[in-house]
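Read through the structure below, which is laid out as structure tokens, and then see the notes.
2 protein chains.
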Amino acid sequence: MSQESPAAARADQPRRRAVSKRSLATSLSILDAAERLFAERGYDGASVRDIASAAGAQIASISFHHVGKETLFERVVERRASELSQLRLDALSALKAKAESLTLEALLSAFLRPYLEKAGAGDPQWLAYARLVAMVSADIRWHRISERCFDPTAGVFIAEIAKLFPQADRSAIAVSFIFSVSAMLSLSTSQWRIEALSAAAGNRPAMDRLADQLVSFCEAGMRAALEG
Amino acid sequence: MSQESPAAARADQPRRRAVSKRSLATSLSILDAAERLFAERGYDGASVRDIASAAGAQIASISFHHVGKETLFERVVERRASELSQLRLDALSALKAKAESLTLEALLSAFLRPYLEKAGAGDPQWLAYARLVAMVSADIRWHRISERCFDPTAGVFIAEIAKLFPQADRSAIAVSFIFSVSAMLSLSTSQWRIEALSAAAGNRPAMDRLADQLVSFCEAGMRAALEG
DNA sequence: CTCATTATTGAACGATCGTTCAAAATAAGG
DNA sequence: CCTTATTTTGAACGATCGTTCAATAATGAG
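From first to last, the protein sequence lines stand for chains A and B.
Counted the way my numbering counts, the first sequence spans residues 949 to 1176.
Counted the way my numbering counts, the second sequence spans residues 949 to 1176.
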């Protein structure tokens, strides 16, 4: 409750310095390594020792830069969440600017494609991130992260879909939306299973082909579930 | 390579006894507790100590009855997998006996509904199991379990779907099938997220209503993805 | 009932977990 | 360049991990 004057604040906080380039690089490489290992082995399966080793840093650096394991996990998820949300909302804005009335396909495309383009470009960090999002979306232990990072944008798109289906109730829309998100995430988490079930030679389909198929699937599925 | 006579085999294996009822109960309660805790916290998040404690057994009993943690996990998954597969294949047989030509909706219903009816009946063990299956399906570390427990039945249904869409290629069918399975599993793993996105008062939809919506969603989605 | 086998018990194993610390090295600000 | 805040380092902490063991108790078979 003691409200300090700027002068007093400056007095007892002796001096301040900018972060060094090396420190920033360490912090970043820890985030990258954590992203990879958390995605690969899960939160409990990835140890801070392995993360530090993969980042070429000391174990103590993780606590120093990112408080602890749990905060590190949250920061890893948050890092790309805002970028992804921005891409989605930008696509939505572009859509609204172009046509006065939105279609369901355009809406789903705006939501689903940014994700798939990032992952499909082959960037291994984005592929890892996709697995992370799937983990967070499927585990109630991380519901606070979902609330903060993903639900706001999802809410915007659900509201737009609700305008297209005025007679459908909100929970039915939310259910269909989760179906769509789950299908999208399965492309990252279950690619190995798709290949196994495709049988025969491993002619894996290209990501942009998969993206088209996903949008078709979700558009038709949603329409059927909401119009019925 | 030494082929022993029955007499010799009986000689060096001194005597055999049936398992006691108590032993069987212990083994079973361990499986139940493991199912709950693995589903709740994941493989690495659930400790054998917590599992033993929840089962009212000693830690050493887990190694004694189920070899070790990894084997215990596999047995937990396998236990209900055969029952589930049987229900699905029975539904398929019933379908074939009734009508000479199958519809996509009937096929998907035969695959999806047994699962949802078990989980929807409110049996907490089956609800936990659904989360387990989602974990196995999304993690390549458990691909051997998927291969053994789930892929064979999935292959049967994919083959039936392939008959309905002769022009669609196998991998496209597999992709749509994984989309459908992911949507199904999301009802168990992301129910909390659905409720969050439904906003407003928590009027959660009944499971049989959700099942109808899921089948509609997947049927229309598959048709669009495979006919296009 | 007797006895050999099976199962349970409680304790301990070494390994690894996440976190913390003081000392040494680094680098920004004046 | 000097000072000093910042960062890195290596080691250690206590807690918990999965597994193993010898002993004790329980139990099916004869």
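In this text, a Cβ means the ideal position worked out from N, Cα and C, and glycines have one as well.
For residue 980 of chain A, report the span of its alpha helix (DSSP H) as first-last.
Segment 969-993, the alpha helix (DSSP H) holding residue 980 of chain A.
Looking at the structure shown, is residue 1048 of chain A part of a helix, part of a strand, or coil, going by DSSP?
Looking at residue 1048 of chain A - three-state DSSP - the assignment turns out to be coil, as it is neither helix nor strand.
Note down the Cα distance separating residue 1097 of chain B from residue 973 of chain A, rounded to an integer number of angstroms.
Each residue's Cα considered, the two are about 45 Å apart.
Residue 1062 of chain B: buried (16+ other C-beta within 10 angstroms of its C-beta) or exposed?
So residue 1062 of chain B ends up on the buried side.
So, is residue 952 of chain B buried or exposed, given that buried needs 16 or more other C-beta atoms within 10 angstroms?
Confidence at residue 952 of chain B is low in this model, with a pLDDT of 37, below 50, so its placement is unreliable and the value that follows should be read with caution. Exposed, by the Cβ-count rule.
Looking at chain A, is there any beta carbon in it that lies within less than 8 Å of the beta carbon of residue 1085 of chain B?
Taking Cβ atoms only, chain A reaches closer than 8 Å to residue 1085 of chain B, which makes this a yes.
Could you tell me whether the region 1045-1052 of chain A touches the region 1152-1164 of chain A, using the rule of 3 or more Cβ pairs below 8 Å?
Output reads no: the region 1152-1164 of chain A does not touch the region 1045-1052 of chain A.
Contact between the region 1003-1017 of chain A and the region 1080-1099 of chain A is defined here as three or more beta-carbon pairs at a separation below 8 Å; is this criterion met?
Contact fails: fewer than three Cβ-Cβ distances are below 8 Å.
Cutting at 8 Å between CB atoms, please list the residues of its own chain near residue 914 of chain A, excluding the five before and the five after it.
Nothing in the structure corresponds to residue 914 of chain A, since chain A is present only between 949 and 1176.
State the CB to CB distance for the pair residue 987 of chain B and residue 1080 of chain B, rounded to an integer number of angstroms; the pair is presumed to be in contact (CB under 8 Å).
Yes, residue 987 of chain B and residue 1080 of chain B are in contact; Cβ-Cβ is about 5 Å, under 8 Å.
Check the Cβ-Cβ distances between residue 983 of chain B and every residue of chain A, and say whether any is below 8 Å.
It does not; no Cβ of chain A falls within 8 Å.
Whether or not the region 1026-1033 of chain B and the region 1092-1109 of chain B are in contact is what I'm after, with contact meaning three or more pairs of Cβ atoms, one per stretch, closer than 8 Å; do they touch?
Yes, since at least three Cβ pairs between the region 1092-1109 of chain B and the region 1026-1033 of chain B fall closer than 8 Å, the two stretches touch.
Report the three-state DSSP secondary structure of residue 1110 of chain A (helix, strand or coil).
Three-state DSSP puts residue 1110 of chain A in a helix.
Determine whether the beta carbon atoms of residue 1067 of chain B and residue 1078 of chain B lie at a separation below 8 Å.
Yes, these two residues count as a Cβ contact at 8 Å.
Output, in sequence order along the chain, the residues in the region 1095-1114 of chain B whose CB is closer than 9 Å to any CB in chain A.
Residues 1095, 1098, 1099, 1102, 1103 and 1106.
Give a yes or no on whether 8 Å exceeds the smallest Cβ distance from residue 1093 of chain A to chain B.
By this cut-off, residue 1093 of chain A is not an interface position.
Leaving out the 5 sequence neighbours to the left and right, which residues in its chain are closer than 8 Å to residue 1044 of chain B when beta-carbon positions are compared?
Hits under 8 Å: 1050.
Would residue 1018 of chain B count as contacting chain A if we go by Cβ distances under 8 Å?
No, no contact with chain A.
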